[in-house]
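The numbering of the sequence shown is our numbering, which starts it at 568 and goes up by one. For every residue, glycine included, the Cβ atom is placed at its ideal position computed from N, Cα and C. Remember, it's a predicted structure, so these values are computed and weren't measured experimentally. Here's the structure, in structure tokens; my notes come after.
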Amino acid sequence: MEQNKAGETLGSVQDLASAQDESPADDFGPDELIDSSQEAPPPPSDNGLREGDEDLAGPSNQDLAFNDDDLDDDPVALDAAQSDGTGELEVAQQMGKDGASAAKAMKVTLAPSDQLSRFLRAAQSQIGYRSRPGNPPFSKYGRWLGFPNGGQGHYCAAFVSWCAAKAGISQKVGKSGWVKFFLDAYKRRGRFGSTPRVGSLVIFDFERDGVVDHIGIVTEVGRNYIRTIEGNTGDPRGVRDRKRIGPSIRGYCYPSFTDKVNQPQPPTPAQHVWHTVRKGETLTKISKQYGVSIALLLKRNKGQAGQGKITNPNQIFVNQRILIR
């Protein structure tokens, strides 16, 4: 959450709405997305639900106690310690020779689609986490990032940074406790825009005053909503799965693995199959030809929009079009 490190305000929402949505070919340079300050951010504006927003999953007062577990105990396949943050992983290849076994270090580069899936899995593994109450709260993400007093600070950006580190792609996503750090870094590279993508970082300006307040990870893009995973949000504070809509969304930061070629593709809609009746054909014959029952053919041809029309199963006509499936 939060964030205006120097206290300055940002440009208008209209300016950012026209920002570039197509990602350029270049990626970030070494450490360009790594914030070395490790400062805890100041208090943010309220990041709760607005009209039309919805909590899908998260901590509750009744069923989840404070759980400040360590970096390495959640169910993500690869640990951040195996990567330098660039998506290049050092692994050991086992080799056998004359009955002996040896290990050889190898570099393996994660494909962009793998970087995306690992980032989302890291975030999903944290849904339900609840931070320890405080003003500001204490969290494992703040502690990991170096916040004072054992992790005290508003931690939405720290949560995003933690997920990137857990996926081994800090230098592809970023590492900072400040929302504005992410905004500025991605704007410099032309990787900030108004179109949501799966895996992008959504930035909020809840007061619509030009000062960014909060950040989350986009996990789904719907017709008129996005689904997100966010840290330091809700009551009690924790990591929540949310459905967001509305004008409080400032824009989206695009890591390179969210470029359109790497986005999950929607399923191809099934193509309808039609049959044009020929001389001498009966509905029984057509049913056997396609392996579709007469009852199902009648159901699919009631004359509704996108259907054929069969009024009498014993009477079909030459050149009549029948919807098979």
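### Task
Report yes or no: do three or more beta-carbon pairs, one from the region 788 to 797 and one from the region 810 to 819, lie closer than 8 angstroms?
yes
### Query
According to DSSP, is threonine 800 helix, strand or coil?
strand
### Message
Whether or not the region 720 to 733 and the region 703 to 710 are in contact is what I'm after, with contact meaning three or more pairs of Cβ atoms, one per stretch, closer than 8 angstroms; do they touch?
### Response
Yes, since at least three Cβ pairs between the region 703 to 710 and the region 720 to 733 fall closer than 8 angstroms, the two stretches touch.
### Query
From Ala678, His839, Thr800, His842, pick the residue whose C-alpha is nearest to that of glycine 735; which is it?
Shortest Cα-Cα distance from glycine 735 to any of Ala678, His839, Thr800, His842 involves Ala678.
### Query
Taking the alpha-carbon positions, what's the glutamate 797 to threonine 786 distance?
10 angstroms
### Query
Thinking C-beta only, is valine 806 closer than 7 angstroms to isoleucine 694?
yes
### Query
Any idea what DSSP makes of leucine 890, helix, strand or coil?
Here leucine 890 sits in strand by DSSP.
### Message
With H, G and I counted as helix, E and B as strand and the rest as coil, what does DSSP make of glutamine 838?
### Response
coil
### Query
Helix, strand or coil for lysine 846 per DSSP?
coil
### Task
Going by DSSP, name the residue or residues bridged to threonine 795.
Val785, Arg809
### Query
Closer than 6 angstroms: is that where the CB of valine 746 sits relative to any heavy atom of the ligand MN?
The model depicted lacks the ligand MN and carries no ligand whatsoever.
### Query
Around the Cβ of threonine 851, are there at least 16 other Cβ atoms within 10 angstroms (buried) or fewer (exposed)?
exposed
#### Entry: Outcome for glutamine 882 when other beta-carbon atoms lying within 10 angstroms are tallied against a minimum of 16
If you draw a 10 Å sphere on the C-beta of glutamine 882, you find fewer than 16 other C-beta atoms in it, and that means exposed.
### Query
Alpha carbon to alpha carbon, what distance is there between arginine 867 and glutamine 738?
54 angstroms
### Task
Throw me the rounded Cβ distance for the isoleucine 889 and isoleucine 877 pair, which I believe falls under 8 angstroms.
About 7 angstroms separates the beta carbon of isoleucine 889 from that of isoleucine 877, a gap short enough to meet the 8 angstroms contact definition.
#### Entry: Neighbour-count burial assignment, aspartate 780, 16 or more Cβ in a 10 Å radius
buried
#### Entry: CB of valine 746 within 7 angstroms of CB of isoleucine 782, strictly
A contact, by the Cβ cut-off of 7 angstroms.
### Task
Output the distance between the C-alpha atoms of phenylalanine 714 and phenylalanine 771, rounded to the nearest integer angstrom.
Approximately 22 angstroms between the Cα atoms of the pair.
### Message
Please classify leucine 683 as buried or exposed, where buried requires at least 16 neighbouring CB atoms within 10 angstroms.
### Response
buried
### Candidates Gln856, Leu863, Lys733, of which the one nearest serine 692 by Cα
Lys733
### Task
Assign glycine 870 to one of two classes, buried (16 or more other C-beta atoms within 10 Å of its C-beta) or exposed (fewer than that).
Exposed is the call here.
### Message
Taking the beta carbon of serine 860 as the centre, do at least 16 other beta carbons fall within 10 Å, making it buried, or is it exposed?
### Response
exposed
### Query
Hey, glycine 801 and phenylalanine 686 are a contact pair by Cβ (cut 8 angstroms); roughly how many whole angstroms apart?
About 22 angstroms; that fails the 8 angstroms criterion.
### Task
Rank Arg755, Arg710, Gly760 by C-alpha distance to the C-alpha of glycine 744 and give the top, closest one.
Arg710
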